[in-house]
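Novice: In order, the protein sequences belong to chains A and B. Numbering of the first sequence is given in my numbering, commencing with residue 1 and proceeding in unit increments. Numbering of the second sequence is given in my numbering, commencing with residue 130 and proceeding in unit increments. Beta carbons: idealized from backbone N, C-alpha and C, even for Gly. Quick one: structure below, then a few questions.
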Amino acid sequence: MPSPRYTREMPQRYRLEAGRCKKCGKIYFPPRIVCPRCKSKEFEKIKLADTGKIVTYTTIRVAPDRFAAQVPYSIAIVELNDNVRITTQVVDCKPEDITIGKTVKLVFRKIQEEGAAGIICYGYKAVLV
Amino acid sequence: MREVCVVGIGMTKFGELWTKSLRDIFVEAALKAIDDAQVSKIDSMYVGSMTPGLFVGQEHIGAFMADYLGVAPIPAMRIESACASGGFAFRQGFLDVASGMSDIVLVGGVEKMTDGADVTYALSTAADQEYEVYQGITFPGLYAMIANAYFHRYNATRKHLAMVAVKNHHNGTMNPSAQFPAEITIDDVLNATMVADPITVMDSSPVSDGAACVIITTVETAKKLKKPIIKVIGSGAATDTIALHQREDMLNLSAVHLAGESAYKMAGIKPEDVNFAEVHDCFTIAEICIIEELGFVAKGKGAEFTEKGETALTGKIPINPSGGLKSKGHPVGATGVAQVVEIVEQLRGTAGKRQIKNAKIGLTQNMGGSGASCVVHIFRTE
Numbered sequence: 001m002p003s004p005r006y007t008r009e010m011p012q013r014y015r016l017e018a019g020r021c022k023k024c025g026k027i028y029f030p031p032r033i034v035c036p037r038c039k040s041k042e043f044e045k046i047k048l049a050d051t052g053k054i055v056t057y058t059t060i061r062v063a064p065d066r067f068a069a070q071v072p073y074s075i076a077i078v079e080l081n082d083n084v085r086i087t088t089q090v091v092d093c094k095p096e097d098i099t100i101g102k103t104v105k106l107v108f109r110k111i112q113e114e115g116a117a118g119i120i121c122y123g124y125k126a127v128l129v
Numbered sequence: 130m131r132e133v134c135v136v137g138i139g140m141t142k143f144g145e146l147w148t149k150s151l152r153d154i155f156v157e158a159a160l161k162a163i164d165d166a167q168v169s170k171i172d173s174m175y176v177g178s179m180t181p182g183l184f185v186g187q188e189h190i191g192a193f194m195a196d197y198l199g200v201a202p203i204p205a206m207r208i209e210s211a212c213a214s215g216g217f218a219f220r221q222g223f224l225d226v227a228s229g230m231s232d233i234v235l236v237g238g239v240e241k242m243t244d245g246a247d248v249t250y251a252l253s254t255a256a257d258q259e260y261e262v263y264q265g266i267t268f269p270g271l272y273a274m275i276a277n278a279y280f281h282r283y284n285a286t287r288k289h290l291a292m293v294a295v296k297n298h299h300n301g302t303m304n305p306s307a308q309f310p311a312e313i314t315i316d317d318v319l320n321a322t323m324v325a326d327p328i329t330v331m332d333s334s335p336v337s338d339g340a341a342c343v344i345i346t347t348v349e350t351a352k353k354l355k356k357p358i359i360k361v362i363g364s365g366a367a368t369d370t371i372a373l374h375q376r377e378d379m380l381n382l383s384a385v386h387l388a389g390e391s392a393y394k395m396a397g398i399k400p401e402d403v404n405f406a407e408v409h410d411c412f413t414i415a416e417i418c419i420i421e422e423l424g425f426v427a428k429g430k431g432a433e434f435t436e437k438g439e440t441a442l443t444g445k446i447p448i449n450p451s452g453g454l455k456s457k458g459h460p461v462g463a464t465g466v467a468q469v470v471e472i473v474e475q476l477r478g479t480a481g482k483r484q485i486k487n488a489k490i491g492l493t494q495n496m497g498g499s500g501a502s503c504v505v506h507i508f509r510t511e
């Protein structure tokens, strides 16, 4: 993808930077301009928790071109310890090792690359602990 | 607001239509609807389509279709809401007539998916690009996660998903427009190729080309045209978070619930007054969740309800008599309008072998992405 589009999301993908609404306390990842809950526009920058539990998951066996070489890979919705949920791959394990409720930790990994000559894109993935 | 009737319907066969282009299929469906309605003019038109740009490099298709249908210079625009594009196009057409702005409106939906684009990528644009798709999720994957969460909470299994596909295929055998009018068995689904566990190819609606169009107008014009009076008595729509992981409860398709509630309120009816419905079975699990959200069965009981045969043609509330997205096909933008075509066939009594007896009130439910948008319409024959 074009570099500015990638660079803009780096604080979230590299450092888990989120925004907490100053008025109602809800945390948004990625950060938002408006809080959908209380409509406030004032937020403070925080870092997300990096451990959580698996809420649900699946194993992808037919992927878009960009991820085809990784098939089969597992993806889950993880609820982090600060109650924020994210979608992330679950790696370094077999698909059958994953169950709802297991604890995971987020680690910094390569996510995808833009073809043979493009940029390499990084972010977070989950590992079972 | 004025009362609005559907007076003309038309659709192409859904399937791999190699010899027909995007414009060919839309014009074919539109001419059928115009011929069915016997109208000699149209005041405006709405074209529902998710992403003709990604599929065949063509945007601006409101104007494009008005041009190729030969009805320029009437106002025309494309309406987009991912897989709910057709349903939302219908809503806009309805508002155009109801408001008094136009008298006779053409609403169509179209998608040309088989010309070689990366379909998985194109469809993924309905999800959160930076926080879902970036990570490697696909649409089957999102619904697979919903299915696993549903199994975990409610005691349903892959067999229940298979029952939805089997029922819809059975209905599809009686629909001449269906892409896959063939009976299948539970084992066919359980043994099919896995796309994203537990969703198999046979749990997933296919990749299809197709178009569907309807002509809507006032009651007065419908009477002049000597058409059966089929009124739009309710229209409801709602949105939800785009990312599945940001939903309040990921097993609540609250946009479906709210759109339904809004439509029922406008129609002055309750879920139990609906005789049959066309719902968005993009994946088998979706139909189970949707019938719960629309109030046809209690939360968590959708799988059991399906197992008991209550959603079959002979059941308490037939769901997807057309064969649904699974058997009829899912040319994305066309689906919402094709659902209206089926309702009208049923209410007119022209649905042939799949005719539901005493069909008086029918409901269409069209949904975008993993449930971020939903539009519901209710129709009644007078």
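Which class does Tyr260/B belong to by DSSP, given the choice of helix, strand or coil?
Specialist: coil
Novice: Checking the sheet assignment: what are the DSSP bridge partners for Gly19/A?
Specialist: Tyr28/A, Lys45/A
Novice: Pull up the distance between the alpha-carbon of Ala384/B and that of Thr87/A, whole angstroms please.
Specialist: The alpha-carbon atoms of Ala384/B and Thr87/A are separated by roughly 21 Å.
Novice: Since Ser391/B is in the beta strand (DSSP E), which residue starts that stretch and which ends it?
Specialist: Run containing Ser391/B: none in the beta strand (DSSP E); it sits in the alpha helix (DSSP H), 383 to 396.
Novice: Any beta-carbon of chain A closer than 8 Å to the one on Tyr175/B?
Specialist: no
Novice: Residue ranges of each alpha helix (DSSP H) run of no fewer than 4 residues wholly in the region 392 to 468 of chain B, ordered along the chain?
Specialist: Taking only runs of at least 4 residues, the alpha helix (DSSP H) segments lying wholly in the region 392 to 468 of chain B are 413 to 422, 431 to 436, 453 to 457.
Novice: Which word fits Tyr175/B, buried or exposed, when buried means at least 16 other C-beta atoms lie within 10 angstroms of its C-beta?
Specialist: buried
Novice: Counting only beta-carbon atoms, is Ile77/A nearer than 8 Å to chain B?
Specialist: Yes, Ile77/A counts as interfacial toward chain B.
Novice: Is Tyr250/B close to chain A? Criterion is C-beta to C-beta, closer than 8 Å.
Specialist: With its beta carbon less than 8 Å from one in chain A, Tyr250/B belongs to the interface.
Novice: Whose C-alpha, out of Tyr250/B, Thr464/B, Lys360/B, is nearest the C-alpha of Ile266/B?
Specialist: Tyr250/B
Novice: Please name the residue or residues paired with Leu80/A in a DSSP beta bridge.
Specialist: Paired residue(s): Gly52/A.
Novice: Taking the DSSP output, what are the residues bridged to Met140/B?
Specialist: Partner(s): Ala341/B.
Novice: DSSP state of Met303/B, grouped into three classes?
Specialist: coil
Novice: Kindly indicate the opening and closing residues of the alpha helix (DSSP H) around Lys352/B.
Specialist: 348 to 353
Novice: At a CB distance below 9 Å, what residues from the region 46 to 65 of chain A approach chain B? Give them in sequence order.
Specialist: Val55, Thr56, Tyr57, Thr58, Thr59, Ile60, Arg61, Val62, Ala63, Pro64, Asp65
Novice: For the region 408 to 442 of chain B, list every residue whose C-beta sits within 9 Å of some C-beta in chain A, in sequence order.
Specialist: none
Novice: Using a Cβ-Cβ distance under 8 Å, would Glu9/A count as near chain B?
Specialist: Yes - at least one Cβ of chain B is within 8 Å of the one on Glu9/A.
Novice: In this structure, what does DSSP give as the bridge partners for Thr329/B?
Specialist: Looking at the DSSP assignment, Thr329/B forms a beta bridge with Met323/B.
Novice: From what residue to what residue does the beta strand (DSSP E) around Arg207/B run?
Specialist: 205 to 208
Novice: Measuring CA to CA, which of Val156/B, Asn495/B, Lys170/B is closest to Asp196/B?
Specialist: Val156/B
Novice: Using CA coordinates, which residue listed in Arg483/B, Gln494/B, Glu436/B, Gly453/B is at the minimum distance from Thr286/B?
Specialist: Glu436/B
Novice: In chain B, which residues lie less than 8 Å from Ile86/A when you measure between Cβ atoms?
Specialist: Per Cβ cutoff of 8 Å: Tyr260, His374.
Novice: My guess is that Ala166/B and Val133/B are in contact by the Cβ rule of under 8 Å, so how many angstroms apart are they, rounded?
Specialist: 13 Å between Cβ atoms; not a contact.
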